[in-house]
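J.: My questions will all concern the structure given below.
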Amino acid sequence: MAAGMSTPASVAVIIPTVRPGRNGPKVAKLVIETIQKALPKGVTLKIIDLAEWKLPVFEGAEVPFTITNSELYSSDISRRWSREISGHQGYIFLVPEYNGSYAGSLKNAVDYLYNEWSKKAAMIVNYGAQPAEALKGGNHFTGVLSQLQMKVPSVLPKVSVSTLDREKTAAGEDLVFYKEEIKSQVQDEIALAWQSMLRSLQLSSVSPASA
Ligand SMILES: Cc1cc2nc3c(=O)[nH]c(=O)nc-3n(C[C@H](O)[C@H](O)[C@H](O)COP(=O)(O)O)c2cc1C
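What follows is the structure, given as structure tokens:
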């Protein structure tokens with residue numbers, strides 16, 4: 067499809083953590099600022115914050131794989147979560163490193179559903195305290211998305227909290243990097259993954275000049 071053609075699509079940015087003082091919303095802000103520079107016409111972004119959803123530990127009576135309509139879930143929270151996730155064509159999963167893998171809150175949110183995610187486009191942004199090359203949660207979570215037959219870019223952006231000025235980051239709404247070049251590297255990776263995700267969505271980005 068030629069750049070600039072309008073195709074409606076909704077992409078959800080999922081903030082998976084729920085603890086006070088979390089970095090999740092700041093990582094979301096960086097991702098959104100980055101991809102907004104290459105947002106095709108008609109594509110909308112929506113933040114889904116699990117801290118607002120307060121999903122209990124999954125206790126659905128039905129195996130989600132067997133459910134093909136949101137209204138068929140027996141619990142209200144499953145029906146509401148299914149309606150929300152069904153409304154998007156793509157998902158950006160922010161993946162925090164918790165104990166050498168991804169956070170349980172994220173897996174719990176995913177496990178509620180199956181067909182709502184299946185075969186759709188996704189990308190992952192992994193973040194955590196260790197150096198970027200040591201973070202593993204994003205790779206582990208790629209395996210989860212493969213199980214759901216989701217289309218995931220091979221580029222996996224990683225943000226190391228060790229490259230951030232923790233005090234300044236904690237004091238504001240943005241991730242404050244010690245070095246601008248590290249921020250640029252991370253943004254380049256996010257932009258690459260986004261381009262790949264747009265291809266899965268069969269959309270082309272609009273360059274800022276032609277937007
Ligand atoms: C329970 C817990 C476990 C963590 N384990 C790791 C870890 O194994 N490796 C790592 O690099 N960072 C680890 N961290 C640091 C987090 O990845 C980092 O604080 C990140 O910002 C967490 O996401 P959040 O701020 O959105 O909750 C851990 C943090 C928490 C709260």
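Residues in the sequence shown are numbered consecutively from 67, following my numbering. Quick reminder that beta carbons are idealized off the backbone N, C-alpha and C, glycines included.
Measuring straight from C-alpha to C-alpha, what distance separates valine 161 and histidine 206?
T.: Our two residues, valine 161 and histidine 206, have alpha carbons roughly 10 Å apart in a direct line.
J.: At which residue ranges does the region 103-149 contain complete beta strand (DSSP E) runs of 3 or more residues, listed in the order of the chain?
T.: 109-115
J.: What is the DSSP secondary structure of glycine 156, reduced to helix, strand or coil?
T.: In this structure, glycine 156 counts as strand in the three-state DSSP scheme.
J.: Would you kindly report the start and end of the unbroken beta strand (DSSP E) that includes lysine 173?
T.: Note, lysine 173: premise wrong, no beta strand (DSSP E); alpha helix (DSSP H) at 170-177.
J.: Sort out for me which residues DSSP pairs glycine 194 with in a bridge.
T.: Ser226
J.: Out of Ser220, Glu199, Glu128 and Thr100, point me to the one whose CA is closest to threonine 208's CA.
T.: Ser220
J.: Among the residues of its own chain, which have a CB less than 6 Å from the CB of lysine 224, if the five just before and after it don't count?
T.: Asn192, Ala198 and Leu201
J.: Kindly examine ligand 1 and report whether one of its heavy atoms sits closer than 6 Å to the Cβ of tyrosine 164.
T.: yes
J.: Measuring straight from C-alpha to C-alpha, what distance separates methionine 263 and glutamate 182?
T.: 17 Å
J.: Using the beta-carbon count (16 or more within 10 Å), is glutamate 99 buried or exposed?
T.: exposed
J.: Using a Cβ-based criterion (distance less than 6 Å to any ligand heavy atom), does valine 227 qualify as near ligand 1?
T.: yes
J.: Do methionine 216 and lysine 186 have their beta-carbon atoms positioned less than 7 Å apart in this structure?
T.: For the pair lysine 186 and methionine 216, the CB atoms are nearer than the 7 Å cut-off.
J.: Going by the DSSP bridge assignment, what does proline 162 pair with across the sheet?
T.: Tyr193
J.: What are the residues that DSSP puts in a beta bridge with lysine 217?
T.: DSSP output for lysine 217 lists Ala187 as bridge partner(s).
J.: Does valine 210 come out as helix, strand or coil in the three-state DSSP assignment?
T.: helix
J.: What does a CB cutoff of less than 7 Å around lysine 92 pick up in its chain, not counting 5 residues either side in sequence?
T.: Thr235, Glu239, Asp240 and Leu241
J.: Quick check: leucine 211 and serine 184, are their CB atoms within less than 7 Å of each other?
T.: No, the pair does not count as a contact, with Cβ atoms beyond the cut-off.
J.: Tell me which same chain residues have a C-beta within less than 7 Å of the C-beta of threonine 134, skipping the five on either side of it?
T.: These residues qualify, in order along the chain: Asn181.
J.: Can you tell me whether glutamate 255 is buried or exposed? The criterion is at least 16 other CB atoms within 10 Å of its CB, across all chains shown.
T.: buried
J.: Taking buried to mean at least 16 other C-beta atoms within 10 Å of its own C-beta, is tyrosine 244 buried or exposed?
T.: exposed
J.: Between which two residues does the alpha helix (DSSP H) containing valine 97 stretch?
T.: 90-101
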